[in-house]
Every structure is written in structure tokens, then in C-alpha cells.
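Quick note, the sequence shown lines up with residues -23 to -1, 1 to 187 if you use mature numbering (1 follows the signal peptide of the UniProt record, and there is no 0). Built from N, CA and C at the ideal position, the CB exists for glycine as well. Everything below concerns the one structure shown next.
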Amino acid sequence: MTNKRTLPLIAVMTMALATPVYAANDLTVPAVKEATVATPSAPQMPSTPASPSISANSSSSNSSSSNSGSSSSSSSSSTNGSGNSSSSSSTQANLNNRLVNVAGFDSAKQFTGYFANLKRAVAKGNLDAVAKRVSYPLAVNQADGKRRSILNEKQFLKEYSSIMTSKVRNALANQNVNDVFINYRGVMVGNGELWIGVVGGKPGIYAVNQ
């Protein structure tokens, strides 16, 4: 005979045995969806405004600006002209200073006056006038490398054509008085065909290079 109190216990045990047992591998974890982040759209570039139309008044204004620009240009040209003039004056002052302080002339006019008279005398073939503007003894370096000395006016006049060759005369004729080379030896004419310096207190040719 079965005890009535044991019936519920038997029923519970029976239910527990009837419940299926799951293996660890049988347990599935539901997939987690990745959070989706919305990508912001690229900003729209503003449209370029159309170029404004040029009115007649604007054209007039531009014309006036152009005219004023031309005036400024003219003014600038005038300024440049003044600048060139100032530069020229500065160059002349420097030349005058070197003639006195480097080459040893009493003044710039002493040289320029002498130089003008020498050029004129040679151009006209005035041998006596040329001879008076030479410092003796005159050193003559010939093209063949030989050197000779001209002791006085008489010898200079006698040998003039062999001293004042065409090369020497052309160098003198083509020399600009404002473009001479100056150093402590005096003034060089051409490429050294003539050297002029102060000898005995007065200017004169003291060397000829043929």
C-alpha cells in the first residue's frame, strides 16, 4: 500500500527526469547587430556669383583712372629724367675729383682744356702745337717691343710720323674726355696708346705705346 505523502515527491522527480538536458554547445547566443552610424553628407559649395556688368559710368571711371595712370607715368618719366641727370652730375663730379686727387691736375678744367687743344692740334696736323703738349723726355714703346726716348721738341718734330702713328692718332680721336681711365700715373687714352700726366707742374704726354 502506497503512502499518499510520497506521491507528490515521485511526481516532482518524474518531471525533473523528463526535462531535457542541453549541452553547452547547444546554447546559441543571438547575434548583436552593429550600430549603424549615419555618414554625414558633404557640404555643398556655394555657387560663384556672376561677374557684374560694367556700366557706362564704370567705363568712364576706368578711363579716368587710365588717364591718371598715364599722368603718373609721365610724372615718373620726368622723375627718372631728373634721376639720370643727377646720376650724370654725380659721375662728372667723381671724374673731376679723380683728375685732381688721383691724377694730380690742379683742376678738372686744366685737363679738359689741355685735352681739347691736343685733339684739335693732332686732327689738324699742327705738329708744333702737338710738340708743345709733350713732356720730355718722351718714352715711346714700339710695337716690336723696343723702347726709345724722344729728348726734345726738335727730335719729336723730326720723328713725328713714326711716333704719332695712325693707331695712336685714332685712339686720341675716338677718346671721350668724360670716359677716360684715371689712376696715380695720370690719364690713359684709348687702350694705353697715350698717357698724359702732370710733369713739371703742367700737363703733357709722357708715354706713347704703339
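Spanning the alpha carbons of R124 and K86 requires a straight line of approximately 32 Å. Just so you know, the alpha carbons of S67 and N73 end up roughly 10 Å apart. Secondary structure in the stretch 90 to 172: the beta strand (DSSP E) runs of 3 residues or longer, each lying completely within the stretch, are 111 to 118, 124 to 127, 158 to 160, 163 to 166 in chain order. V79 carries a coil assignment under DSSP once its states are collapsed to helix, strand and coil. Taking I140 as the centre and dropping the five residues before and after it, the same chain places the C-beta of V117, I127, F133, V185 closer than 7 Å to its C-beta, in chain order. Sequence-distant partners of R75 (beyond 5 residues in either direction) whose C-beta falls short of 7 Å from its own C-beta, in its chain, are I159.
Between the alpha carbons of V77 and S64 lies a distance of about 20 Å.
Here the C-alpha atom of V176 lies approximately 17 Å from the C-alpha atom of A106.
By the C-beta density criterion, P114 is exposed, having fewer than 16 other C-beta atoms within 10 angstroms. Within the model, the alpha-carbon separation for L104 versus A98 is close to 7 Å. T89 has its alpha-carbon roughly 13 Å from the corresponding atom of G163. Taking 7 Å as the cut-off, the Cβ atoms of E170 and A148 count as close. The C-alpha of F82 lies about 8 Å from the C-alpha of P180.
Taking 7 Å as the cut-off, the Cβ atoms of S112 and Y183 count as close. The beta carbon of V154 sits closer than 6 Å to those of T89, F92, all from its chain and outside the five residues before and after it, given in chain order. Per DSSP, the beta-bridge partners of N186 are N118.
Per the coordinates, the alpha-carbon of N94 lies some 30 Å from the alpha-carbon of G122.
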